[in-house]
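Asker:
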Amino acid sequence: MALNKLYLTLCKLESIYPEAAFIVTGVFNKANLKTRLPKFYQHIDCATRAGKTLDHCYSKFRDAYKALPRSPFGKADHDSILLIPAYRQKLKQEAPALRSVQRWSTNLIPHSKTASITWTGICFVLRQTTTLTNTLIR
1 MALNKLYLTL CKLESIYPEA AFIVTGVFNK ANLKTRLPKF YQHIDCATRA GKTLDHCYSK
61 FRDAYKALPR SPFGKADHDS ILLIPAYRQK LKQEAPALRS VQRWSTNLIP HSKTASITWT
121 GICFVLRQTT TLTNTLIR
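Laid out in structure tokens, this is it:
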């Protein structure tokens, strides 16, 4: 009954927020969420209490997290779990690339900028714009 309620709640939330990433955690003593939500994946693969995996963490992302067992908090009888993202940044996956960039000499820069410009046309347009601006201001 509890799994059915959880299933209905998740279905409702997924229809309202289709782009959201849902993570379901909890103590599932004998229940298995995989039977009700086959698109969700269990991330905890280590024992959390008395040699059994009772604490579960589900999401729709396969192999998204790596579970590391940690000691229990305070007087808890369940081990705590540290979930680390399994994804490694692209920056850390690949070696840095060496690239060469060609720089222009300072002698070529002014020549290249002015080589394809017809200054007479630009001056004519500027004179026309100035005349129009002065007319509008008056």
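Residue numbers (UniProt numbering): 1 to 138. Built from N, CA and C at the ideal position, the CB exists for glycine as well.
Per DSSP, Ser-59 is paired with what?
Answerer: The residue you call residue 59 lines up with position 59 of the sequence shown. DSSP output for Ser-59 lists Ile-23 and Tyr-41 as bridge partner(s).
Asker: Enumerate in chain order the residues of its own chain whose CB-to-CB distance from Leu-54 is below 6 Å, with the five nearest sequence positions on each side excluded.
Answerer: By one-based count along the sequence shown, residue 54 stands at place 54. Correct list, in chain order: Val-27, Asn-29 and Thr-48.
Asker: Taking the straight line between their C-alpha atoms, what separation do you get for residue 139 and Lys-52?
Answerer: Nothing about residue 139 can be reported from this structure: the residues present for the chain run from 1 to 138 only.
Asker: Is Leu-37 near the ligand FMN, with its Cβ less than 7 Å from a heavy atom?
Answerer: With respect to the ligand FMN, the structure offers nothing, as it holds no ligand at all.
Asker: Going by DSSP in three states, Ser-105 sits in which element: helix, strand or coil?
Answerer: Start at 1 with the first residue of the sequence shown, and residue 105 comes out as number 105. Three-state DSSP puts Ser-105 in coil, outside helix and strand.
Asker: With DSSP collapsed to three states, give me the class of Leu-54.
Answerer: Here residue 54 corresponds to residue number 54 of the sequence shown, with the count starting at 1. Residue state, collapsed to three classes: coil.
Asker: I'd like to know whether the C-beta atoms of Ser-59 and His-43 end up nearer to each other than 8 Å.
Answerer: Along the sequence shown, one-based indexing puts residue 59 at 59. Along the sequence shown, one-based indexing puts residue 43 at 43. Cβ atoms of Ser-59 and His-43: closer than 8 Å.
Asker: Just how far apart, CA to CA, sit Leu-82 and Arg-99?
Answerer: By one-based count along the sequence shown, residue 82 stands at place 82. By one-based count along the sequence shown, residue 99 stands at place 99. If I take the Cα positions, the gap works out to 39 Å.
Asker: So Ala-31 and Leu-3 are supposed to be a Cβ contact under 8 Å. How far apart are they, rounded?
Answerer: On the sequence shown, residue 31 is found 31 positions in, with the first residue counted as 1. On the sequence shown, residue 3 is found 3 positions in, with the first residue counted as 1. Ala-31 to Leu-3, Cβ: 6 Å. Contact.
Asker: Using the three-state DSSP reduction, which class does Ser-15 fall into: helix, strand or coil?
Answerer: Working through the sequence shown from its first residue, we reach residue 15 at position 15. Helix at Ser-15.
Asker: Should Phe-61 and Tyr-41 be called a contact, given that it needs their Cβ atoms to be closer than 8 Å?
Answerer: Taking the first residue of the sequence shown as 1, we reach residue 61 at position 61. Taking the first residue of the sequence shown as 1, we reach residue 41 at position 41. Yes, Cβ-Cβ distance for Phe-61 and Tyr-41 is below 8 Å.
Asker: Among Ala-50, Tyr-87, Lys-90 and Asp-45, which one has its Cα closest to the Cα of Leu-68?
Answerer: The sequence position of residue 68 within the sequence shown is 68, counting from 1. The option with the nearest alpha carbon to Leu-68 is Asp-45.
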